[in-house]
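Which chain is which? The protein sequence lines are A, B and C, in order.
Number 96 in the working numbering belongs to position 92 of the first sequence; there are no gaps in the numbering.
Number 376 in the working numbering belongs to position 223 of the second sequence; there are no gaps in the numbering.
Number 1245 in the working numbering belongs to position 197 of the third sequence; there are no gaps in the numbering.
Just so you know, even glycine gets a beta-carbon here, dropped at the ideal spot from N, CA and C.
Some notes on the structure that comes next.
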Amino acid sequence: MLKLENLGYERENKTLFSNLTSEIPLGAFVNVVGQNGAGKTSLLKVLAGLWQPTTGSLVWDNKSLPLAAPLFWAELLYIGHESQLQPTLTPLQNLKGWIALNSLEGSAIKDIEAALVQVGLKAFMHLPAEILSRGQRQRVLLARLWVNPPRCWILDEPFTALDEAGILAVKHRFEEHLLQDGIIIVATHQPLQISAETTRHIELHST
Amino acid sequence: MNRFNQLISPRFVYRCLNRLLPWCLSFSVILLLLGMGLGLFGVPPDAQQGDGFRMIYIHVPAAFLSLGIYSIIFCCSVIYLVWSLKIADICAKASASVGALYTLIALISGALWGKPMWGTWWIWDARLTSELVLLFLYWSYLGLRLSIREEKRAAKAAALLAIVGMIDIPLIHFSVEWWTTLHQGATLLKFSKPSIATEMLIPLLIMLAGFSFFYGTILCIRMRSELLKREWRSLWVSEIVLNIQLNTKA
Amino acid sequence: MILNVLYSVVCRDITLYCQRRGEWVVPLLFCVMMVTLFPVILRSDAILIAKWGPAIIWLAVVLSLIWSLEAVFRLDYQEGILAQFVMSPYPLPLLMVAKLVAHGIVIGLPLLILAPLLGFLLQLSPAVLSALGLTLLVGIPSLMLVGALGAALTLGLSQGGVLLAVVVFPWMIPVVLFGIQAVMSVANGGALGAEILLLLAMLIVLLVTVPKAIATALKISLG
């Protein structure tokens, strides 16, 4: 369970959000909604433990975050706004490296290949990522969701550049994951409809 | 804990600095004038070095404080990284340029002192070379602070830099010393510290105090303006600014 | 398990460098240019070249290394991948050492081979050449560790290479001093003395302390 206690963040003398208190149990879906520049990315980075909050704290499994960060990160999957693919490596190599770095068990190549097929990139598996379109690169990143993903997901605008079919597939995967007691925190421009046991909405407004 | 928080609150520190400033300024002016007067006229010329030795009254305090201020920056950096005390970071930031200035003064006065003594403007002995490297450390600290736009990242990165630099200083001193003794052997460059007569020591101590108070003055001024800059949204800052505006209008 | 991950990081970085040849070829070219310029400037005065050659080669290697180190983190920082390193369950200092190992293989090793060759070009004696090789063998890893710390602190800044050089220069002085001193003493007819042991001791101390500092610096630079 992830707990937010009075979380606040300030950057360049501007308060992006403050006094955020919430409890996010297993199986919960959290939707962070806001316009461009409202602070969604900053909030997600603070929730992921990448940025230190200016006020308040984050608690994972009853342990406060700066110290418990390695434990939290062991169960966290973070897909940020910036592209996370090395353009000269293939999708397969990119995913393989990412999974090796991020999980303690590692994964079999065939699992990764199956995930890439699942997102419709079978033909591009062994080509350098720089020739893929923006949407295809996003699919490579999201393929991670199908390869033994950890419990907690923090995704920043995951549907960027995806087509209808892709969005549907990802939403379906979200619901599957929530049924397996996962936590999903997603930042989007518009509110997202996902069936889940517990749902939280965080709306950020730019001042 | 509450009392401590009160002690380090920006407003309280600002008021303390305001009260300290005139004292620091007057002490530094008096002590520097007194020290220079005594050093130039009050003390007889040295048996070996003639009048040239009087450079000691600028060189030694400047060199001593250049290292002293770096130690202060080091302590502030540790405090900042461990306890996230913003005042510590403001103090370090304000001290850096004074420290660099003193290092430069130490180097120039060292060269001016060395010319009549050893015949050249520069000697690659351990002390002067370490002083030069200290100047580079100050410059890299200032350079890093200037280059990073985000305040928090600049503060933390500079703090880490200062800590690494502090560990580096004895290492450099030792390696340069080894290097110079290997190069030149036991030559006349081994400047042995003669025992200083008391009458020569007093102006030195006065100058040391004067330089320290001057550092204190600059520290007060810079910390004050940095505090105002960082806390611009607080009520007490608006009050001060309004007061200044009212006073200047009246 | 962790060895597998470190091995895969090393392989991945080497692959990246092979695909972006500019990152390692250009520093090597710079090194060669700087050293070959030197006899031209001194108008082939053999005595001066023999006296200053080793120092120039050392300095050329140091400069090429500093500028190449900027790439160690930049390649992954640009793609937002460094955050994944930070959030990895494996110790960040070890992952950074793995990256440096890859950098050492791709750039350090060619520089190590290049330096005695350049010394041969400057007609330095075989004893000096082997001293050059040995001191650089111990010195280059130290320089890489210290340079990587600077690169981590100056990550993503627009001034890049110049600021890195300014930040790193004071830290490199002890290693450079002892390295050059060791080679110069061999050039003057002595034997490779205590300096190489000192360099080795410095390397061990740096290896134990610096990776943790690099990890801290990366966390500071990323957020």
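Item, Value
"Own chain partners of I240/B with C-beta closer than 7 Å, once the 5 adjacent residues on each side are dropped", "I161 and V166"
"Complete alpha helix (DSSP H) runs within the segment 29-116 of chain A (minimum length 4 residues, chain order)", "44-51, 69-78 and 95-106"
"Backbone CA spacing between E352/B and L372/B [nearest angstrom]", "31 Å"
"Chain B contact for E16/A (CB, 9 Å cutoff)", "yes"
"Residues within the segment 293-313 of chain B neighbouring chain A, beta-carbon criterion of under 9 Å", "R302, E303, E304 and K305"
"DSSP state of R377/B mapped onto helix, strand, coil", "helix"
"Alpha carbon of S1116/C to alpha carbon of G1195/C, nearest angstrom", "9 Å"
"Proximity winner among Q194/A, P57/A, A119/A and N98/A, relative to P70/A (alpha-carbon distances)", "P57/A"
"Nearest-angstrom Cα separation, counted from V190/A out to L159/A", "5 Å"
"beta-carbon F289/B near the ligand FMN non-hydrogen atom, thresh 8 Å", "Of the ligands one can find in the structure shown there are none, so the ligand FMN has no counterpart to examine."
"Reduced DSSP secondary structure (H/G/I, E/B, other) of Y1138/C", "coil"
"For M208/B and W266/B, believed in contact at Cβ under 8 Å, the rounded distance", "4 Å"
"Residue burial classification, M1220/C (beta-carbon count within 10 angstroms, cutoff 16)", "buried"
"Proximal residues of chain C, C-beta to C-beta of G318/B below 9 Å", "P1218 and W1219"
"As assigned by DSSP and simplified to three states, the class of I301/B", "coil"
"Residue burial classification, Y1125/C (beta-carbon count within 10 angstroms, cutoff 16)", "buried"
"CB contact below 9 Å: T1183/C versus chain B", "no"
"Reduced DSSP secondary structure (H/G/I, E/B, other) of E284/B", "helix"
"Own chain partners of R242/B with C-beta closer than 6 Å, once the 5 adjacent residues on each side are dropped", "A small correction: the amino acid at residue 242/B is Asp; Arg does not occupy that position in the sequence shown. Taken in chain order, the residues that qualify are Y233 and A308."
"Within-9 Å CB hit, V1231/C to chain A", "no"
"Which of helix, strand or coil DSSP assigns to G12/A", "strand"
"Length at least 4, wholly inside the segment 161-200 of chain A: the alpha helix (DSSP H) runs in chain order", "168-183"
"One or two residues paired with C156/A in a DSSP bridge", "L80/A and I187/A"
"Reduced DSSP category for V1057/C - H, G, I as helix; E, B as strand; rest coil", "helix"
"For Y368/B and V251/B, believed in contact at Cβ under 8 Å, the rounded distance", "5 Å"
"Enclosing alpha helix (DSSP H) for R1122/C [first to last residue]", "A1094 to Q1126"
"When D167/A, R148/A, L75/A and K175/A are compared against A112/A, the one with the closest alpha-carbon", "R148/A"
"V286/B at chain C interface by Cβ criterion, 9 Å", "yes"
"Limits of the unbroken beta strand (DSSP E) element including Q207/A", "As written in the sequence, residue 207/A is Glu, which differs from the Gln given in the question. Its beta strand (DSSP E) spans residues T202 to L208."
"C-alpha distance - L186/B paired with V1073/C, whole-angstrom precision", "60 Å"
"Whether G38/A touches H209/A by CB criterion (9 Å)", "yes"
"Buried or exposed by the 16-neighbour rule on C-beta atoms within 10 Å, applied to S237/B", "exposed"
"Distance between beta carbons of I1114/C and T1183/C, contact taken as under 8 Å", "Rounded, the Cβ-Cβ distance is 17 Å, inconsistent with contact."
"Where the alpha helix (DSSP H) through T273/B begins and ends", "Counting along the chain, T273/B falls outside any alpha helix (DSSP H), and DSSP gives it neither H nor E."
"Residues near F181/B in its chain [Cβ-Cβ closer than 6 Å; skip 5 each side]", "Checking the displayed sequence, the identity of residue 181/B turns out to be Ser instead of Phe. Correct list, in chain order: G363, F366, F367 and T370."
"Residues that F1078/C bridges to, as DSSP identifies them", "Partner(s): none; F1078/C has no beta bridge."
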